[in-house]
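Colleague: Take the sequence shown: its letters are residues 59 to 356, numbered as in the numbering used here.
Got a structure for you, questions after.
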Amino acid sequence: MIREGREYFRQYWNVAEFLSLIVSYTGIANHVYKMFIVAEILRIFTETKGMGYVKLQEAVLLDELFCYQIGFIMSISTLKFLKLLRFNKRIGILSSTLRVCAEELQSYSVCLMVVFMAFVILFWLLLGRFVREFSTFVYSFESCISMMLKKFNYEDMYAAQPIFTPIAFFTFSLATAVVLINILLSIIIRSFEDVKRDVSLQSNEYEILDFFINRVKMLTGLGKAKVRPLPSMYRDKKKKPKDTVASFPDKVDKLVDFINDFYFENQVDFNSRDFLRKMNLDVSGNNRTFDREKKKAK
């Protein structure tokens with residue numbers, strides 16, 4: 059990372075590894091700090107025999123944060139299995155698709171967040187005083203995500219604002235489920251088709267199981283390294299050159315057939331001896347006539 063600098067963070071797996079390390083170290087520090095807080099709570103509880111005031115909010119908050127950190131680390135670690143499956147180029151089509159459409163997804167995510175946050179604030183202002191699911195900004199954000207997943211309580215929303223709720227709900231459903239989701243699918247499908255056209259022409263010989271078995275055999279001395287066949291561009295160079303002298307009569311025959319077809323409309327039989335003798339006599343007569351005219355000119 060020090061040697062490459064900013065170039066190190068241009069690859070997804072490097073960023074994932076860096077974030078995983080940062081969250082892991084902060085999770086360890088969080089867990090150690092939580093243990094000290096729990097020990098202090100137990101000390102107060104023991105000294106007062108359960109009658110003293112104990113503040114548990116900080117411990118609960120740290121425990122919830124620790125669960126989030128564990129979940130993030132597990133998700134990143136699960137995604138790392140895709141890196142092991144890079145030997146199978148057909149399974150690696152997923153990462154290739156995301157790599158191709160990464161720039162378009164960045165622009166799309168900005169538009170998505172602007173539109174989504176506008177609806178979150180709208181529902182928060184309309185229903186925040188009447189419906190518990192929209193009482194705070196965070197609750198409104200979570201409720202809008204649930205609405206995108208078709209999980210919502212429309213009766214409570216309609217009872218709170220019978221005029222504006224149908225309009226806002228219809229606009230939200232149209233903008234998210236119909237427009238934004240379809241745009242996202244179009245971007246991914248188009249990138250998938252581009253990647254699929256390249257991957258379908260490649261071989262699928264690097265199966266991960268065969269790779270590990272071959273490695274184990276090499277380490278134990280039970281097998282030898284498999285040599286991949288040369289690509290076609292190298293195999294063509296290994297072929298012996300064709301004998302051009304042997305193919306010369308065939309090329310002459312093709313030339314004669316072309317002349318016969320183009321100039322004589324296939325009316326001349328070059329295989330006939332009479333025709334060849336007549337053509338030879340005509341050529342000789344023309345040569346003698348040309349010589350006489352040349353002498354007269356002198």
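All C-beta atoms, glycine included, are put in the ideal place defined by N, C-alpha and C.
Around the C-beta of T223, are 16 or more other C-beta atoms found within 10 angstroms, so that it is buried, or is it exposed?
Modeller: Your numbering for residue 223 matches position 165 in the sequence shown. Under this definition T223 is a buried residue.
Colleague: Terminal residues of the continuous alpha helix (DSSP H) containing G129?
Modeller: Here residue 129 is taken as the residue at index 71 of the sequence shown, counted from 1. Looking at the DSSP string, the run of the alpha helix (DSSP H) that includes G129 is Q115 to L137.
Colleague: What whole-angstrom Cβ distance do N88 and L140 have, given they're in contact under 8 Å?
Modeller: Taking the sequence shown and counting its residues from 1, the one referred to as residue 88 is at position 30. Taking the sequence shown and counting its residues from 1, the one referred to as residue 140 is at position 82. Not really, about 28 Å apart at Cβ, beyond 8 Å.
Colleague: Measuring alpha carbon to alpha carbon, tell me which of M109, S135, L152 and Y83 ends up nearest N72.
Modeller: The count along the sequence shown starts at 1 and reaches residue 72 at position 14. The option with the nearest alpha carbon to N72 is S135.
Colleague: Under DSSP, the alpha helix (DSSP H) around I80 begins and ends at which residues?
Modeller: Translated into positions along the sequence shown, residue 80 becomes position 22. Y70 to E105 is the span of the alpha helix (DSSP H), which, as asked, contains I80.
Colleague: Is the beta carbon of M215 sitting closer than 8 Å to the one on L243?
Modeller: By one-based count along the sequence shown, residue 215 stands at place 157. By one-based count along the sequence shown, residue 243 stands at place 185. Not in contact: M215 and L243 (Cβ atoms no closer than 8 Å).
Colleague: I'd like to check one pair, F250 with T155: are the Cβ atoms closer than 8 Å?
Modeller: For the purposes of this step, residue 155 is taken as the residue at position 97 of the sequence shown. For the purposes of this step, residue 250 is taken as the residue at position 192 of the sequence shown. Taking 8 Å as the Cβ cut-off, T155 and F250 qualify as a contacting pair.
Colleague: The alpha helix (DSSP H) spanning M205 covers which residue range?
Modeller: Translated into the one-based positions of the sequence shown, residue 205 becomes position 147. Start and end: F195 to M206.
Colleague: V253 by DSSP, collapsed to three states: which one?
Modeller: Sequence index remark: in the sequence shown, residue 253 carries index 195 (1-based). Reduced to three states, the DSSP call for V253 is helix.
Colleague: Can you tell me which of S198, R190 and C159 puts its alpha carbon nearest to the alpha carbon of F174?
Modeller: Counted from its first residue, the sequence shown places residue 174 at position 116. That would be S198, whose Cα lies nearest to the Cα of F174.
Colleague: Can you give the Cα-Cα distance for R64 and A74, rounded to whole angstroms?
Modeller: Your numbering for residue 64 matches position 6 in the sequence shown. Your numbering for residue 74 matches position 16 in the sequence shown. Distance between the alpha carbons of R64 and A74 is about 15 Å.
Colleague: Check whether the Cβ atoms of L180 and A226 lie closer than 8 Å to each other.
Modeller: Within the sequence shown, residue 180 is the residue found at index 122, counting from 1. Within the sequence shown, residue 226 is the residue found at index 168, counting from 1. A contact, by the Cβ cut-off of 8 Å.
Colleague: Report buried or exposed for V253, applying the criterion of at least 16 other Cβ atoms within 10 angstroms of its Cβ.
Modeller: Your numbering for residue 253 matches position 195 in the sequence shown. Result: buried.
Colleague: Report the option in I241, A97 and L77 whose CA atom is closest to the CA atom of F130.
Modeller: The count along the sequence shown starts at 1 and reaches residue 130 at position 72. Per the Cα distances, L77.
Colleague: Can you say whether S201 is buried or exposed, counting buried as having 16 or more other CB atoms within 10 angstroms of its CB?
Modeller: Against the sequence shown, residue 201 aligns to sequence position 143. Buried, since its Cβ has 16 or more Cβ neighbours within 10 Å.
Colleague: Could you tell me if V189 is buried or exposed, where buried requires 16 or more neighbouring beta carbons within 10 angstroms of its beta carbon?
Modeller: Here residue 189 is taken as the residue at index 131 of the sequence shown, counted from 1. Buried, because 16 or more other Cβ atoms sit within 10 Å of the Cβ of V189.
Colleague: My understanding is that I128 touches A117, with C-beta atoms under 8 Å, so please give their C-beta distance in whole angstroms.
Modeller: As a working note, residue 128 is residue 70 in the sequence shown. As a working note, residue 117 is residue 59 in the sequence shown. Contact doesn't hold; Cβ gap of about 16 Å is too wide.
Colleague: Determine the direct distance from the alpha carbon of I151 to that of L313, and round the result to whole angstroms.
Modeller: Sequence index remark: in the sequence shown, residue 313 carries index 255 (1-based). Sequence index remark: in the sequence shown, residue 151 carries index 93 (1-based). Roughly 51 Å between the two C-alpha positions.
Colleague: Applying the criterion that 16 or more other CB atoms from any shown protein chain within 10 Å of the CB defines a buried residue, is M132 buried or exposed?
Modeller: As a working mapping, residue 132 is identified with position 74 in the sequence shown. Exposed: under 16 other Cβ atoms inside 10 Å.
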